[in-house]
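Here the structure is laid out as structure tokens; the discussion comes afterwards.
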Amino acid sequence: MRPKFVIAAVGVVALLLVIAAVWRHEASTDDRGAGAVPALPEVVNAPGIWSDDEGTDGPLAAVGASTRMKATGVTGELEGVDMFGVSAIDGHATWLPGIEEVADVALSPDGRWIGWRQYGAARGQRLVGWAVMDTSTGEVRELRDLGAPRVGDSMQDLAFSGDSGHLLTTYNVPAPGQRHDHQFVAWDVTDGTPTEIEAPAKHSLPNLGSAPTGVVWSRGNTVYRWEVGTATAPTSEVLPHEVVIASWGPDDKAFAYIAAPSPVAQKDSISASVRLYAGTTLAGAREVPLDLPNGVDPSEIRGWTDDHHVVIGDYRTMVYIVDVVTGDVVAHDTRGYGKTFNDPVLASGLWQQPLAAPVPPQGTSDPRTPWRWAAAAMLLAWAGALLVRRRRDRTRTQSPVVPGTGPMAPPPDLRPLATAAFGLVVVLVDFRIESFDLIPDPLGWAIAAQALCSLRPAHRGFYLAGVAAWCAVVPSVPEWFGVESILITSALTLALVIAQYQTCTAILAVSPPGATSADTIRWLVVSLAIALVLAFIVNWTDPDSGLILAGIGLADFAVLVWFLVMLYGLGRQQPSPVYRPAVSS
């Protein structure tokens, strides 16, 4: 295989790698599809470890913390742990910037709100309050107890009310010489208004439960329920066992609770464990525990799929859907892609919808890899071209042409080069009103293409340059109307580089007056094109290197001006008379 074909193949591979990297970088998350109805995914996929997709624009099905990698420079990387959310609408996962505390967050039953604790400026300092984020707008509201000079963290899990309208918090207000009375407060997520659920007292922390509406909590074997903001007193139910967590079903009649082992069982058996009591009514759930299979540990109630099926778990990714009548259990593992920390929190109200197919994570590999391969391929192609040129020059030196041994070809008429220079000037000069360029770039490319193609009889390089210019007409149309895309810019830049290189190659072969400049310009064009790609990669990963990119871009523009001046100068020259030396007989 001839070397130039190898070089061309490597160049094509480099181009394809660059296009693939750019396309991947610009890929959107549209049309991923779980449908318009909010739903939980079958498994919770964290964003790709290298993903840079951030923010949220709708309800979330899950939130969690996972490993995230960030590029630093061309080769460096930084590993950390960030919060992420999985959309309940289209299923794609994104990072959630601005959430400081990754250890403990709460997600409202409808997926509309995220709540978390906020601490002092230095990590590990005292609690200062809480925050809630609207997942549809990204707006964050801070919640503060203005009447408390200090807030003590109770380390109680955060939770939302059944209607997703209030964030539930427990804390204490320590003061010198006074006892630390526990506060149990519901914060309105829309305006930050606090509502006291229980009067401050020196008592144990409540165990938070759930229901379709209102607030559910328990102390000992008593379960309380209250509609926030109403004048009525909380209702209560006394159960036969100490309650760990209690929950009403979606019909507000079915009931399930997890009971702690009795003191006698804890004393007599080290294997004593919690039990699940459930039924279609509270009365039916009071006495008889469900007989669950071995290995099913009901440590928490995750939600309800319908009036007869409660979802339980054990603080891991495995959940169990239990029939409250028969006790039948269906296991489901929600573990997906990503190295997650703790168990992702699911929007409990969405269990009542069919599970949606998960969306594959984006950005699972280092985005710099295709650029590195492309840069290596371009450097290899450049080195190969230099070797071919050196070999050709050596061949010409070894086989010189003896003057006077044959007729001289007539010099070509290069006046179309001036027209090509004019067309490229039309491309370069922009005069925009808003986003519309009054000087049409497609027309400039067409003028240059026509002029260069007309020189095909003189040398094939002119024709190849003209073809590149014709190809540039297509992407220059949307660019002329103000459409900005890295794909359009890359296509136009590549077309210009090919046009310059092939034109200089042709001039080197047919025009001795322009040979020196043409030979220098064509290798500067290739060198600066490679340097621009490398500088773009560096600038993409390290924005502080923009000065290097600007310097190379300025040098590339200077070479382009030199190229245009050369074209215009050669185009203004008149072809010399043909001289044929006498041939002796």
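Sequential numbering of the sequence shown, starting at -12, is according to the numbering used here.
Every residue, glycine too, gets a C-beta built ideally from N, C-alpha and C.
Counting the other CB atoms within 10 Å of its CB gives residue 331 a total of 16 or more, which places it among the buried residues. Excluding the 5 residues flanking it on each side, residue 181 has same chain C-beta neighbours closer than 6 Å at 172, 174, in chain order. Residue environment analysis places residue 65 among the exposed positions, since fewer than 16 neighbouring C-beta atoms fall within 10 angstroms of its C-beta. Non-local beta-carbon contacts of residue 238 in its own chain, meaning distances under 7 Å to residues more than five positions away in sequence, involve 294 in chain order.
Per DSSP, residue 468 lies in no alpha helix (DSSP H) and is assigned neither H nor E. In the structure shown, residue 347 falls within a coil segment according to DSSP collapsed to helix, strand and coil. The Cβ atoms of residue 231 and residue 286 lie closer than 9 Å to each other.
DSSP places residue 186 in the uninterrupted beta strand (DSSP E) bounded by 181 to 188.
CA-to-CA, the gap between residue 95 and residue 524 works out to about 41 Å. Counting only runs that start and end inside the segment 199 to 224, there is no alpha helix (DSSP H) element of at least 4 residues. It is roughly 21 Å from the alpha-carbon of residue 451 to the alpha-carbon of residue 543.
Less than 9 Å divides the Cβ of residue 490 from the Cβ of residue 505.
With fewer than 16 other Cβ atoms from the protein chains shown falling within 10 Å of its own Cβ, residue 218 counts as exposed.
Residue nearest to residue 271 within the set 289, 313, 40 is 313 (criterion: CA-CA distance).
Taken through DSSP and simplified to helix, strand or coil, residue 507 comes out as helix. In this model, residue 495 and residue 453 are separated by some 17 Å (Cα to Cα). DSSP, read as helix, strand or coil, puts residue 76 in coil. In this structure, residue 80 lies away from residue 337, with their beta-carbon atoms at least 9 Å apart. Following the DSSP letters along the chain, one finds residue 151 in no alpha helix (DSSP H), marked with neither H nor E.
When secondary structure is reduced to three states using DSSP, residue 26 falls in the coil class, being assigned neither helix nor strand. Looking at 416, 425, 210, 412, the one whose alpha-carbon comes closest to that of residue 436 is 412. A residue is called buried once 16 or more other Cβ atoms fall within 10 Å of its Cβ, and residue 97 is buried on that count. It is roughly 27 Å from the alpha-carbon of residue 203 to the alpha-carbon of residue 317. In terms of Cα proximity to residue 277, the closest of 242, 292, 303, 304 is 242. Setting aside the 5 residues that flank it on each side, residue 399 is surrounded in the same chain by 442, 444, 445, 446, 497, 498, 562, each with a C-beta closer than 8 Å to its C-beta; the list follows chain order. Put simply, of 123, 57, 325 the residue whose alpha carbon is nearest the alpha carbon of residue 25 is 123.
A straight line joining the alpha-carbon of residue 308 with that of residue 292 spans about 8 Å. When the beta-carbon positions are compared, residue 210 and residue 226 come within less than 9 Å of each other. Taking 9 Å as the cut-off, the Cβ atoms of residue 34 and residue 48 do not count as close. Take residue 555, set aside five residues on each side of it, and the residues of its chain with a beta-carbon closer than 7 Å to its own are 405, 408, in chain order. In the three-state DSSP reduction, residue 262 falls in the strand class (E or B).
Per the coordinates, the alpha-carbon of residue 99 lies some 15 Å from the alpha-carbon of residue 200.
C-alpha of residue 320 to C-alpha of residue 304: approximately 6 Å in a straight line. The continuous beta strand (DSSP E) containing residue 53 extends over residues 47 to 59. Residue 248 is positioned such that its CB atom lies closer than 9 Å to that of residue 260. Sorting 487, 266, 478 by C-alpha distance to the C-alpha of residue 274 places 266 at the top.
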